[in-house]
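Novice: In the numbering used here, the protein residues as written are 53 to 275. Glycine included, each C-beta is placed from N, C-alpha and C at the ideal position. This is the structure I want to talk about, given as structure tokens.
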Ligand SMILES: [Mg+2]
């Protein structure tokens, strides 16, 4: 199998061009370790609001508001106040927080892949554009989330991928750089920013391809 065949990057295969075996593995969270569906939150919030579920979802998922929340520029209460003003939601903050955050489920083969890497003694990191409502929910409900060496979260770093600032924060926390780092993410612009720093990257399209690429690198025995 050639490097190009291993790469999951469709436009510009870049994943495994280094001969160095990486010493840490960095995981994006959404669509890599957990899947999510904002329409679940849209339906539940809309049931107590003045907008359609689709309009609520659009507002939650694509508005500039989310960017501000996930770069740590507003608190949970400020975020709630803006959602309430825009949608007419008339439930409590606690109801909103539950509706907003309970939209995730584990991707089992990726949870197993992470556990296998930890079993090999390889340090792993979470590297996510996210907010503290989502992370609080995931921490309380998904035991796998406790088992990482470190966490670089956009709302704490005050920068979102693909901004270089958040990549620098990961390198500083881990004490690693360049090809010492293997990074998995489902978004091309994010893996491209990692590759530009010399990180080894895998653009995740499905768990099976990611597993095969990690075995090829030599971090896990061939299955
Ligand atoms: Mg993602």
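Between the alpha carbons of residue 226 and residue 232, how many angstroms are there, rounded?
Specialist: Your numbering for residue 226 matches position 174 in the chain shown. Your numbering for residue 232 matches position 180 in the chain shown. Near 10 Å, if we compare the C-alpha coordinates of residue 232 and residue 226.
Novice: Return yes when the C-beta of residue 184 is under 6 Å from any heavy atom of ligand 1, and no when it is not.
Specialist: Here residue 184 corresponds to residue number 132 of the chain shown, with the count starting at 1. False, no ligand heavy atom lies under 6 Å from that Cβ.
Novice: Which class does residue 194 belong to by DSSP, given the choice of helix, strand or coil?
Specialist: If you number the chain shown from 1, residue 194 lands on position 142. Three-state result, residue 194: coil.
Novice: According to DSSP, is residue 204 helix, strand or coil?
Specialist: For the purposes of this step, residue 204 is taken as the residue at position 152 of the chain shown. DSSP places residue 204 in strand when its eight states are reduced to three.
Novice: Is the separation between the beta-carbon of residue 150 and that of residue 101 shorter than 7 Å?
Specialist: As a first step, residue 150 is located in the chain shown; it is residue number 98 there, counting from the start. As a first step, residue 101 is located in the chain shown; it is residue number 49 there, counting from the start. Note that the C-beta distance between residue 150 and residue 101 is not below 7 Å.
Novice: Would you be able to state if there are at least three C-beta pairs under 8 Å between the region 250–259 and the region 157–169?
Specialist: Proximity of the region 157–169 to the region 250–259 meets the contact definition, three or more beta-carbon pairs being nearer than 8 Å.
Novice: I need the boundaries of the beta strand (DSSP E) containing residue 176, first residue and last residue.
Specialist: As a first step, residue 176 must be located in the chain shown, where it is residue number 124. 176–180 is the span of the beta strand (DSSP E), which, as asked, contains residue 176.
Novice: Under the three-state reduction of DSSP, which class applies to residue 252: helix, strand or coil?
Specialist: Stepping through the chain shown from its first residue, residue 252 is reached at position 200. Looking at residue 252 - three-state DSSP - the assignment turns out to be strand.
Novice: Mapping the DSSP letters down to three states, classify residue 155 as helix, strand or coil.
Specialist: The sequence position of residue 155 within the chain shown is 103, counting from 1. Of the three classes helix, strand and coil, the one that applies to residue 155 here is coil, per DSSP.
Novice: Opposite residue 78 in the DSSP bridges: which residues?
Specialist: What you label residue 78 is simply residue 26 of the chain shown in a count that begins at 1. In DSSP, residue 78 forms a bridge with 177, 235.
Novice: Got a sec? Which residues, its chain only, sit under 7 Å from residue 239 by beta carbon, not counting five neighbours each side?
Specialist: Start at 1 with the first residue of the chain shown, and residue 239 comes out as number 187. Excluding positions up to five away in sequence, the list is empty.
Novice: What residues does ligand 1 have around it, judged by CB closer than 5 Å to any heavy atom, in chain order?
Specialist: Going by the Cβ distance cut-off, the answer is 80, 82, 83, 238.
Novice: Of the residues 214, 273, 205, 196, which one's Cα is nearest the Cα of residue 241?
Specialist: What you label residue 241 is simply residue 189 of the chain shown in a count that begins at 1. Ranking the options by Cα distance to residue 241, first place goes to 214.
Novice: Per DSSP, what are the beta-bridge partners of residue 148 in this structure?
Specialist: Taking the chain shown and counting its residues from 1, one reaches residue 148 at position 96. Answer is none; residue 148 lacks a bridge partner.
Novice: Where does residue 141 sit, in a helix, a strand or coil, going by DSSP?
Specialist: Position 89 of the chain shown, counted from the first residue, corresponds to residue 141. DSSP places residue 141 in coil when its eight states are reduced to three.
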